[in-house]
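From first to last, the protein sequence lines are chains H and Y.
Under the working numbering, the first residue of the first sequence carries the number 118, and numbering increases by one thereafter.
Under the working numbering, the first residue of the second sequence carries the number 2, and numbering increases by one thereafter.
Below: one structure, written as structure tokens.
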Amino acid sequence: AQSVTQPDIHITVSEGASLELRCNYSYGATPYLFWYVQSPGQGLQLLLKYFSGDTLVQGIKGFEAEFKRSQSSFNLRKPSVHWSDAAEYFCAVASMNRDDKIIFGKGTRLHILP
Amino acid sequence: NAGVTQTPKFQVLKTGQSMTLQCAQDMNHNSMYWYRQDPGMGLRLIYYSASEGTTDKGEVPNGYNVSRLNKREFSLRLESAAPSQTSVYFCASQPGQGNQPQHFGDGTRLSIL
């Protein structure tokens, strides 16, 4: 069965600094991978997804993520964060089996220093 | 487009009271889900419905029941609320397959006193 780990519960960065949020997955074949963002008081919004092809995927709000099969990772990056990026970020993994469900990580809360 | 709509947004109940959380989606999606979100626990799946007329238990189904009223609507019922059910509840929908992105509502914040 697949699983996903987000090693960092909290991350604090200064506004304008670069950001990398870590995500590691466990799955025997090529997984389907997602990053979601949850702003305070709201539901989860899809930032980007990886199904196949180019291992560097672009998402909304200037985010990108890179799939590295050798490291079983799908880290989320942004070159320069804005105060509005303060939120909780969830990595998720799904298998090729349509009967399996998406598995979510426990989330990383991002704090932005002015 | 409204997407996934949850009602109510907030609710306070007393222990032992019953309550139904409503969820509706206008994207013609086949699959619908109910999650609860608690601090440090991430999202935990309560129940899901892969298609109209079917429902299945998720990771934490005890104390809850669901109804897939039609393709659009998927409700979650607490028959006898307990303080341990204080949480934020999210409904999500998905076009069909398990590996497609899910679309989330804005949540229902439920407190059980």
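Just so you know, even glycine gets a beta-carbon here, dropped at the ideal spot from N, CA and C.
Since we're looking at a predicted model, the values are computed, not measured.
Just the C-alpha distance for residue i and residue j, rounded to the nearest angstrom, thanks.
i	j	result
Arg-194 of chain H	Cys-140 of chain H	11 Å
Gly-64 of chain Y	His-228 of chain H	35 Å
Asp-216 of chain H	Leu-230 of chain H	42 Å
Gln-188 of chain H	Trp-200 of chain H	30 Å
Gly-4 of chain Y	Ile-128 of chain H	31 Å
Asn-163 of chain H	Ala-203 of chain H	Before going further, note that residue 163 of chain H is Leu rather than Asn in the sequence given. Straight-line Cα distance between these residues: approximately 16 Å.
Leu-136 of chain H	Arg-186 of chain H	21 Å
Val-13 of chain Y	Thr-147 of chain H	44 Å
Please report the Cβ distance between residue i and residue j, rounded to the nearest whole angstrom; I am assuming they are in contact, meaning their Cβ atoms lie under 8 Å.
i	j	result
Met-20 of chain Y	Ala-82 of chain Y	6 Å
Gln-103 of chain Y	Ser-112 of chain Y	Not confirmed; about 25 Å, so no contact.
Gln-123 of chain H	Cys-208 of chain H	6 Å
Can the beta-carbon of residue i be found closer than 7 Å to that of residue j?
i	j	result
Tyr-48 of chain Y	Val-67 of chain Y	yes
Gly-43 of chain Y	Lys-223 of chain H	yes
Gly-160 of chain H	Phe-75 of chain Y	no
Glu-247 of chain H	Gln-175 of chain H	Limits of chain H in this structure are 118 at one end and 231 at the other, which puts residue 247 of chain H out of reach.
Val-121 of chain H	Tyr-142 of chain H	yes
Name the chain Y residues that come within less than 7 Å of residue i, Cβ to Cβ?
i	result
Gln-159 of chain H	Asp-107
Residues of chain H with CB under 7 Å from residue i, in chain order?
i	result
Pro-102 of chain Y	Phe-151, Leu-163, Lys-166
Applying a beta-carbon distance threshold of less than 8 Å, which residues of chain H neighbour residue i?
i	result
Gly-99 of chain Y	Ala-211, Ser-212, Asn-214, Arg-215, Asp-216, Asp-217, Lys-218, Ile-219
Met-33 of chain Y	Within 8 Å Cβ-Cβ: nothing; Met-33 of chain Y doesn't reach chain H, min ~12 Å.
Members of the stretch 68-97 of chain Y that neighbour chain H once the beta carbon cut-off is set at 7 Å: Along the stretch 68-97 of chain Y, the positions whose C-beta sits under 7 Å from a C-beta of chain H are Phe-91, read in chain order.
Near-chain Y residues of the stretch 204-225 of chain H (beta-carbon distance less than 8 Å), N- to C-terminal order: Flagged, chain order: Phe-207, Ala-211, Ser-212, Met-213, Asn-214, Arg-215, Asp-216, Asp-217, Lys-218, Ile-219, Phe-221, Gly-222, Lys-223, Gly-224.
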